[in-house]
């Protein structure tokens, strides 16, 4: 099967905020706010490159077991990011368990996609078990999220950590060792260049 | 969460048999038979290292769309490998759609685990959609396969290609560029050494 040179749908795992903060002598929770500006920069880069859809691993149900200072910080960062990209014209879908108190109420209406620009799916209070549990009732809870072509992770971890397991089945996985707040556009440029070099057989 | 130094359950994706054959001036189908001896070597290495469970990506439902010379060759290699590790005392479970004519009849009884040695799960005529479809009826079709700690892939591909998506959610992913028939024990030694260096937070 011929592959398109550009991935249609890219997943992003922006990991390493807490390690970045610790390395800079800051409390761990100070790292999340430092992830917003890089996220906006990457959003603009995706738009410019012609990426059709992006999915961002914001926080999971498991993450909400962290100390409340951290939890408050990543929730606030996610809400700020979500509203800013909406303001910039993104078509936003929030994927996560909105029935829990851990879900930011201000994002409830975005459990259905809003807007007409580049699709951005924000995984907020997401859990892979929560997602798959939908299959008992006919479909994934993330059924509005398409198959991923490429996943880019920062922070050096070489695992999916529960990120959209069904949409990830054929995705190429590109890892950067830099912590997310140290994002540079060059990272994503290199991911796209690498993606072009990968064969894609889909098992055939 | 503290991690054990040794992975309990390791997944193997032995890719690159056809490219190996082409590089050696052989027809593509000649590569599969060259994968058996490395598999036995790796099985003995796992036993010696004290690995509790191994899952091997043998062939998928999608793979059976390949030319019949290839299909015959990989089926035969899988059956030969399965019977040889049973003879050596492995506790074998075959995971795959046994209702299809693509499933080797001689392996039907191993759709339930047989034996008491090291657990080896062979994915034969497996499909991730087939697996997940079990959730509609109460559980994965691979429900006897435990969570993976480490996945090792040969042949350079940085993707899971549908390999046990649920058991893979937190697995560390280690890739070798060598084609599978060029397996050397050093590859797995290096994978285990690398695994020890990985943090494991499981989202907490």
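Protein chains in written order, with the working numbering: chain B, 31 to 234; chain R, 31 to 234. Built from N, CA and C at the ideal position, the CB exists for glycine as well.
Nearest neighbour of residue i, chosen from the options [CA to CA]
i                     : options                       : result
residue 102 (chain R) : R:211, R:58, R:181 and R:45   : R:58
residue 82 (chain R)  : R:157, R:159, R:150 and R:218 : R:150
residue 64 (chain R)  : R:72, R:50, R:73 and R:77     : R:50
residue 122 (chain B) : B:137, B:190 and B:131        : B:137
residue 186 (chain R) : B:54, B:177, B:202 and B:172  : B:202
residue 68 (chain R)  : R:93, R:110 and R:52          : R:110
residue 116 (chain R) : R:143, R:94 and R:130         : R:143
residue 29 (chain B)  : B:93, B:175 and B:46          : Absent from the structure is residue 29 (chain B), since the part of chain B shown begins at 31 and ends at 234.
residue 61 (chain B)  : B:108, B:80, B:199 and B:72   : B:108
residue 38 (chain B)  : B:131, B:53, B:85 and B:72    : B:85
residue 100 (chain B) : B:52, B:70 and B:218          : B:52
residue 70 (chain B)  : B:210, B:191 and B:56         : B:210
residue 191 (chain R) : R:145, R:78, R:93 and R:55    : R:93
Proximal residues to residue i (C-beta, below 6 Å), its chain only, five neighbours per side dropped
i                     : result
residue 119 (chain B) : 147
residue 195 (chain R) : 158
residue 32 (chain B)  : Confidence at residue 32 (chain B) is low in this model, with a pLDDT of 43, below 50, so the placement of that residue is unreliable and no value is reported for it.
residue 167 (chain B) : none
residue 74 (chain B)  : none
residue 76 (chain B)  : 84
Anticipated Cβ contact below 8 Å, residue i with residue j, distance rounded
i                     : j                     : result
residue 43 (chain B)  : residue 193 (chain B) : 6 Å
residue 125 (chain R) : residue 87 (chain R)  : Not really, about 10 Å apart at Cβ, beyond 8 Å.
residue 104 (chain R) : residue 89 (chain R)  : 5 Å
residue 40 (chain B)  : residue 153 (chain B) : 14 Å between Cβ atoms; not a contact.
residue 4 (chain B)   : residue 205 (chain B) : In the structure as shown, chain B starts at 31 and stops at 234, and residue 4 (chain B) therefore has no counterpart that could be examined.
residue 200 (chain R) : residue 189 (chain B) : 6 Å
7 Å CB neighbourhood of residue i in its chain, flanking five on each side removed
i                     : result
residue 127 (chain B) : 91, 133, 155, 157 and 160
residue 48 (chain R)  : 58 and 61
residue 175 (chain R) : 85, 125, 151, 194 and 197
residue 218 (chain R) : 72, 75 and 182
residue 66 (chain B)  : 107, 110 and 111
residue 228 (chain R) : 202
residue 130 (chain B) : 155
residue 54 (chain R)  : none
residue 56 (chain B)  : none
Contacts around residue i, its chain only, beta-carbon distance under 8 Å, and the 5 residues preceding and following it disregarded
i                     : result
residue 98 (chain R)  : none
residue 226 (chain B) : 35
residue 170 (chain B) : 161, 162, 164 and 196
residue 80 (chain R)  : 36
residue 173 (chain B) : 164
residue 145 (chain B) : 116, 119, 120, 121 and 122
What alpha helix (DSSP H) runs, 4 residues minimum, are completely inside the stretch 135-210 of chain B? 158-163
I want to know whether the stretch 222-229 of chain R touches the stretch 207-218 of chain B - three or more CB-CB distances under 8 Å. no
Entirely within the stretch 83-120 of chain B and at least 3 residues each: give me those beta strand (DSSP E) ranges in chain order. 83-90
If you scan the stretch 35-76 of chain B from start to end, which runs of the beta strand (DSSP E) of 3 or more residues do you find wholly inside it? 39-44
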